[in-house]
Structures are given as structure tokens and as C-alpha cells.
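This report concerns only the one structure given below.
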Amino acid sequence: FSDPASNLGLEDIIRKALMGTVEERQE
Amino acid sequence: SRKDILLACPMNMHPQTDPDKTPQEIWEDFSLSFTPAVREVVQFAKHIPGFSSLSQNDQITLLKAGTFEVLMVRFASLFNVKEKTVTFISGTTYSLETLKNMGMGTLLETMFDFSEKLSALELSAEELSLFTAVVLVSTDRYGIQNVKSVEMLQDNLIKALRTLVSKNAPGDVSRFTKLLLRLPELRTLNNMHSEKLLSFRID
Chain A
2 FSDPASNLGL EDIIRKALMG TVEERQE
Chain Y
-18 SRKDILLACP MNMHPQTDPD KTPQEIWEDF SLSFTPAVRE VVQFAKHIPG
32 FSSLSQNDQI TLLKAGTFEV LMVRFASLFN VKEKTVTFIS GTTYSLETLK
82 NMGMGTLLET MFDFSEKLSA LELSAEELSL FTAVVLVSTD RYGIQNVKSV
132 EMLQDNLIKA LRTLVSKNAP GDVSRFTKLL LRLPELRTLN NMHSEKLLSF
182 RID
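So the protein sequences, as listed, match chains A and Y.
Residues in the first sequence are numbered from 2 upward in steps of one, following the working numbering.
Residues in the second sequence are numbered from -18 upward in steps of one, following the working numbering.
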């Protein structure tokens, strides 16, 4: 792919932070 | 080398890389280093009036495209133009020469240049916060589904910023223009940074 944000795993971090803390608490 | 690029990022908590670690492990350490800062950007975005009204896709798209630019503004003070040093979030300060030896070249110089111009504007905390909001919604539109909503939000924020900047420095009419001129510079920095990242992918 050619998406630097995906390269960094940025989307995953953003998505979790945006959706709230439920997933983060489970981690 | 890959390790050199990792070492040279101010968002890296572990610039001194353990030689026994695999590139994957180094990458994971790096990711853990910048994750708190990214989360802060997301929290900041949530507090921008109107941002949460955008679709989830558009919120994520703006954040993906704009996080680097927001962090560049937020951490511009880590670049000490006078001393020619950069302080990483680990707290360690590096000289320009050391950083160049780590592989930071044109991008570093452009970051210094941006930081100098931004600090020259002597923004108040409120101005900086509103400017940062403008930065986020002014980022690349690629992948945005409802461009009109983003543009409306951008217009509102820019108007609010203009009002605030004019109120704080009524005698300096060029201050607002100078501030807006930082936006294309951030876009350029973002592109340069993206190129660095793309040359550094770990499967």
C-alpha cells in the first residue's frame, strides 16, 4: 500500500481513541 | 538504515535502539512512543465545535491526514532555532549536527524553518488552539465523503480565528495572513514526512 498513516498503524489508534475508551480498557 | 530513521523522530521515546531488537520490535516501540500524542490529537479534535457532527469516516480521514500537521504545531517548541537543537519527547536534546548524522536532512531544516515562523507570531494559547483546529480541518481532502460539511466547518473556524487574531493584535493586519501562510507549509512538511515513512515500511 502507499498510505503512510496505515504504515504507522495510525488509523487503528485513531479509530480506538475516537470510538471511546471501551476497547482501550479491554486491551 | 531503518534504525537511523527511527532514531531521528522527536516522537521516539527510545532513540537509543537496542541492537538485539528486530526491526518489527523497534517499530512497535516507536508506535508505543507516539500513540499517547495521537490520542491527545483525537481528544483535541473531539472538542472542536462541529467536528463530532461530521461522519465517522470523515472524522477518521481528517485525523489520519492531519495528525502529523497537528503534532508539528503542538511540538514546534521542541525545535530550538536559536540553539539549533531539538528536544525529543524522551527529554533528550540533540544538536543539529547529531540529527543530521542520524539521517535528518531537508525535512529537519524545513521543520526548523516552520517552527521559527510560527514562534515569531507569538500566538496566545487560545490562538494556537484555534489555529490547530484550522490545521486539522484544512488537511488533505482525499477520502472525505462530505466535503461540503468539512468546508463549512473550516470556514467557521477560520472566521473565528480571524476575529480572535484581529482582536488580540488590532494594529497588525498582516498577522492573520502570516498565520494562514503556515498552512501550505504544513502540507509540504506532511508530504515530506510521508515520503520518509513510505521508504520505511516494515511488513
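Note that the Cβ used here is the ideal one computed from N, Cα and C, for glycine as well.
Neighbour list for residue i in chain Y, Cβ cutoff strictly below 7 angstroms
i	result
Gly10 of chain A	Ser12
Closest Cα partner of residue i within the set the options
i	options	result
Ala101 of chain Y	Y:Thr113, Y:Ala57 and Y:Asp121	Y:Ala57
Phe32 of chain Y	Y:Leu134, Y:Asp121, Y:Glu64 and Y:Met53	Y:Leu134
Thr48 of chain Y	Y:Leu167, Y:Glu97, Y:Glu176 and Y:Leu179	Y:Leu167
Cys(-10) of chain Y	Y:Met92, Y:Lys2 and Y:Gln37	Y:Met92
Val67 of chain Y	Y:Arg122, Y:Thr16, Y:Ser14 and Y:Pro(-4)	Y:Pro(-4)
Ile139 of chain Y	Y:Asn149, Y:Val116 and Y:Ser130	Y:Val116
Leu109 of chain Y	Y:Ile125, Y:Pro4, Y:Met53 and Y:Asn171	Y:Met53
Residue i - DSSP class collapsed to helix/strand/coil
i	result
Val67 of chain Y	strand
Ser105 of chain Y	coil
Thr120 of chain Y	coil
Ser76 of chain Y	strand
Phe56 of chain Y	coil
Asn61 of chain Y	strand
Lys98 of chain Y	helix
Gly47 of chain Y	helix
Asp1 of chain Y	coil
Ser34 of chain Y	helix
Met133 of chain Y	helix
Lys(-16) of chain Y	Summary for Lys(-16) of chain Y: the model assigns pLDDT 46, below 50, so the residue's position carries little reliability; its value from the coordinates is reported in the next sentence. Helix at Lys(-16) of chain Y.
Under 9 angstroms by beta carbon: chain A residues contacting residue i
i	result
Lys81 of chain Y	Per Cβ cutoff of 9 angstroms: no residues; Lys81 of chain Y is ~23 angstroms from chain A at best.
Thr120 of chain Y	Within 9 angstroms Cβ-Cβ: nothing; Thr120 of chain Y doesn't reach chain A, min ~11 angstroms.
Leu88 of chain Y	Per Cβ cutoff of 9 angstroms: no residues; Leu88 of chain Y is ~13 angstroms from chain A at best.
Contact list for residue i against chain A, beta-carbon separation under 8 angstroms
i	result
Arg20 of chain Y	Ile14 and Ala18
Thr16 of chain Y	Ile14
Residue interval of the alpha helix (DSSP H) (run including residue i)
i	result
Pro(-4) of chain Y	It is not in any alpha helix (DSSP H) - Pro(-4) of chain Y carries neither H nor E in the DSSP assignment.
Asn171 of chain Y	Arg163 to Leu179
Pro4 of chain Y	Pro4 to Lys27
Leu11 of chain A	Leu11 to Met20
7 angstroms Cβ cut-off: residues of chain A touching residue i
i	result
Lys45 of chain Y	Ala6, Leu11, Glu12 and Ile15
Gln40 of chain Y	Leu19
Val23 of chain Y	Ile15, Ala18 and Leu19
Contact with chain C by residue i, beta-carbon distance below 8 angstroms
i	result
Ile15 of chain A	No chain C appears in the structure shown, which is made up of the protein chains A and Y.
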